[in-house]
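In the working numbering, the protein residues as written are 4 to 177. Just so you know, even glycine gets a beta-carbon here, dropped at the ideal spot from N, CA and C.
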Amino acid sequence: MIRHNAHCPFIFLQVLWELETLRLINHFEKSMKAEIGDDDELYIVDNNGEMPLFDITGQDFENKLRVPLLEILKYPYLLLHERVNELCVEALCRMEQANCSFQVFDKHPGIYLFLVHPNDMVRRWAILTARNLGKVDRDDYYDLQEVLICLFKVIELGLLESPDIYTSVCLREG
Numbered sequence: 004m005i006r007h008n009a010h011c012p013f014i015f016l017q018v019l020w021e022l023e024t025l026r027l028i029n030h031f032e033k034s035m036k037a038e039i040g041d042d043d044e045l046y047i048v049d050n051n052g053e054m055p056l057f058d059i060t061g062q063d064f065e066n067k068l069r070v071p072l073l074e075i076l077k078y079p080y081l082l083l084h085e086r087v088n089e090l091c092v093e094a095l096c097r098m099e100q101a102n103c104s105f106q107v108f109d110k111h112p113g114i115y116l117f118l119v120h121p122n123d124m125v126r127r128w129a130i131l132t133a134r135n136l137g138k139v140d141r142d143d144y145y146d147l148q149e150v151l152i153c154l155f156k157v158i159e160l161g162l163l164e165s166p167d168i169y170t171s172v173c174l175r176e177g
């Protein structure tokens, strides 16, 4: 006899969440570590100081992370995981620093959420990307409505300035 457990769907979702975020973290960390070996410390030195050089072309780096970055942009709730968020931001910043901006051809919700990101480089990337994608028409709006509402709430409540955003927003039992 199978006993019904009211918490079963939540536990299942929690396990899926953990597996999904772990997969993304492993992929990002593996790709980022492979980019520069321990002996290959390269820097660009200019008037602004030293800046690590992660990849001369940036194309290989983008190719390695294209699918997970698009996945995060398409499903921005993945950014609620602190480590996934950190790695995503680091990857986008590395590409910007290497003058190899991450190219996106569809209006993914995460792009619009990044319009209010506290990191200047990520915010600039999102603004330029959204501008290049063009205006949000009625059909786009229906696809983006949920993230746009979230975006306005983030701005209104000042959530990104809160240091405990990851501890206050978590998966809860429904």
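Assign residue i to one of three DSSP states: helix, strand, or coil.
i    : result
V119 : helix
H84  : coil
Q148 : helix
K33  : helix
A101 : coil
D140 : coil
Q17  : helix
K156 : helix
V125 : helix
V107 : coil
If you compare alpha carbons, which of the options is closest to residue i?
i    : options               : result
P79  : K156, E149, E32       : E149
E74  : D142, T24, Q62        : T24
Y144 : M35, D123, V125, K110 : K110
R97  : R141, W128, H30       : W128
Y31  : Q62, F117, L95        : A small fix is needed here, since residue 31 is Phe in this sequence, not Tyr. The shortest C-alpha separation from F31 is found at L95.
V87  : E159, F13, E21        : E21
M124 : V70, K156, F105       : F105
E93  : E65, Y115, L116, V119 : E65
L27  : K67, Q62, D63, F13    : K67
So the alpha helix (DSSP H) residue i belongs to, where does it begin and stop?
i   : result
N66 : 62-77
Would you mind sorting residue i into buried or exposed? The rule is 16 or more other CB atoms within 10 Å of its CB.
i    : result
L76  : buried
A37  : exposed
L131 : exposed
L82  : buried
R134 : exposed
K33  : exposed
G137 : exposed
L72  : buried
V107 : buried
P112 : buried
L160 : exposed
F15  : exposed
I59  : Here I59 scores only 43 on pLDDT, less than 50, and its place in the model should not be relied on; the value that follows carries that caveat. So I59 counts as exposed.
E85  : exposed
F117 : buried
Q17  : exposed
E99  : buried
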